[in-house]
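See below for the structure under consideration.
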Amino acid sequence: MRAIVVSRPGGPEVLEWREVPDPRPGPGEVVVEVAAAGVNRADLMQRRGQYPPPPGVSEIPGLECSGVVVAAGTDVEGLAAGDEVCALLAGGGYAEKVAVPWEQVLPVPAGVPLVEAAALPEVACTVWSNVFMTGRLRRGETLLVHGGGSGIGTFAIQLAKAFGSRVVATAGSAEKLDRCRELGADEVINYREEDFAEKVRADVILDIIGAKYLQRNVAALNTGGRLVVIGMQGGSRGELDLGALLARRASVHATALRSRPVPEKGVIVRGVRDNVWPLVAAGAIRPVVHEVVPMAQAARAHRIVESGEHIGKVLLSAVS
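Quick note: the sequence shown, position 139, residue 139 per UniProt numbering, numbers continuous.
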């Protein structure tokens, strides 16, 4: 098969489309013939040499895909050759085929085209596990989403609204702010012009920035609020005011998805299938796709994501 290989740490130009051995399903795994793969910022970090895959995981980038099951190993439940699926991966998605534990595989939701389904697994599992499982967002509470125009942001807005929460989103351009409103955000804040900590009080904050926002995130929490940090685009080291945290009886959580063991991912995936997929099938939530790029042109897709000007997901199509 062909796959994108990172020839050396560096810029997008180090991504090479070349022949590699086909994957074989191990026990508890299926092989998916890939229709499309999602591009995530973690892939950019891996390309730069800053985010290596966990031990034993494919060096090929790609944390999510959609496609068709073509082979299954032993001890696989509920999947067979020919099934149209999408999957949460620890790596290997930028390829024509990928092996994945069956617990991390989801059916393509009704009404979603196969290629577009690649935009769903990573964002759905990230938002469900962090906003609802860890953050315990409840109906009527306020969610503050940083990076509302991102893949995670666009999904978080829709899912929180579908569960009856109030949503505030930050973004850095008028176009992105307008899109956040269209997706259901009750309030939008241009982080280039306004201080969100002076404008909003939130019960749950989903943060992709990290250190740069830490103090202001704590200041923006309601009593009993939960800050969930899932990214470090603004640095990894910050000063935490424990007095402010204690005064609010609030909590700070930092989580990652890729490094979790398969059984933990399986719990998240089942939660997504049971609680999120019916909303997608009903049209209450839709994947937001900025552009679909041929997989051989992965370097161009990475440049789009690095520019920060996209809204929603950038996908790589393996369909010729």
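No residue lacks a Cβ here, since even glycine has one placed at the ideal position from N, Cα and C.
Residue environment: E103 is assigned as buried (16 or more neighbouring CB atoms within 10 Å of its CB, all protein chains considered). Boundaries for A282: no beta strand (DSSP E) harbours it, and the DSSP string shows neither H nor E there.
Nearest neighbour of R2 by Cα position, chosen from V76, M295, F196 and K199, turns out to be M295. Comparing alpha carbon positions, the residue from G82, P25 and Q50 closest to G73 is P25. Judged by DSSP in its simplified three-state form, V20 adopts coil rather than helix or strand.
Short of 6 Å from the beta carbon of I304, and not among the five residues preceding or following it, lie these beta carbons of its own chain, in chain order: H310 and V314. Cβ contact annotation for D203 (same chain, cutoff 6 Å, sequence separation greater than five): E141, T142, N222 and G225, in chain order. In this structure, DSSP gives L245 a helical state, which the three-state scheme calls helix. Under the three-state reduction of DSSP, R258 is assigned to coil, being neither helix nor strand. In its chain, beyond the 5 residues on either side, A281 have a beta carbon closer than 6 Å to the beta carbon of A110.
Here L15 is not near G38, since their CB atoms are 8 Å or more apart.
CA-to-CA, the gap between I285 and T154 works out to about 10 Å. In this chain, the beta strand (DSSP E) harbouring T223 covers L221 to V229. Runs of alpha helix (DSSP H) with 4 or more residues, each lying fully within the region 104-185, are found at 121-127, 151-162 and 174-183, listed in chain order.
Per the C-alpha coordinates, the member of F196, R201, A219 and G231 positioned closest to A211 is G231. With respect to the 8 Å criterion, V98 and G92 are classified as neighbours on the basis of their beta carbons. If you compare the alpha carbons of V5, A299 and H290 with that of G149, the shortest gap goes to H290.
For G38, DSSP records a beta bridge to L315. A87 and C65 do touch by the CB rule: their CB atoms are close to 6 Å apart, below 8 Å. V115 is positioned such that its CB atom lies closer than 8 Å to that of S317.
Residue environment for G283: exposed (fewer than 16 other C-beta atoms within 10 angstroms of its C-beta). Under DSSP, P9 shares a beta bridge with no residue.
Here V123 has G151, I152 and F155 as same chain residues with Cβ atoms under 6 Å from its own Cβ, once five neighbours each way along the sequence are excluded. Excluding its 5 nearest sequence neighbours in each direction, V252 has C-beta neighbours in its own chain below 6 Å: L227, listed in chain order. No Cβ-Cβ contact shorter than 8 Å links L183 with I205. Check the Cα spacing between P61 and each of D241, P278 and R258: the tightest is with R258. Nearest Cα to F163 within the set R139, A169 and V30: R139. Cβ atoms of D186 and R166 come within 8 Å of each other, at about 5 Å. Around the beta carbon of E29, a 10 Å sphere encloses 16 or more other beta carbons of the protein chains shown; the residue is thus reported as buried.
When beta bridges are read from the DSSP output, I4 appears opposite W17.
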